[in-house]
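Residue numbering for the sequence shown follows the working numbering, beginning at 7 and increasing consecutively. First up is the structure itself, then whatever we jot down about it.
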Amino acid sequence: MAGGGNTVKEMTKSFGKLDKFQGQDFRRWQKKMHFMLTTLKVVHVLSTPIPEIGEDDTVENLRR
């Protein structure tokens, strides 16, 4: 990343300190996780459906 921003490696170090969900205050934990995934630019994995894989699908066809 250009311009003095944190690198992904540096960001993940601080995210490693986040507490695991222990059954209390789910909304707060959920917001923290959403923020972390947004910061890492992978939040789309929460809403992107898993593609259906057929018998004759190849990796090349799936990527199209």
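All residues carry an ideal CB built from backbone N, CA and C; glycine is no exception.
- Linking V49 to L43 through their CA atoms gives a straight-line distance of about 5 Å.
- Closest in C-alpha terms to K26, from the list K38, L52 and T45, comes K38.
- DSSP, read as helix, strand or coil, puts V49 in helix.
- Between L52 and R33, the alpha-carbon positions lie close to 16 Å from each other.
- Collapsing the DSSP output to three states places Q36 in a helix.
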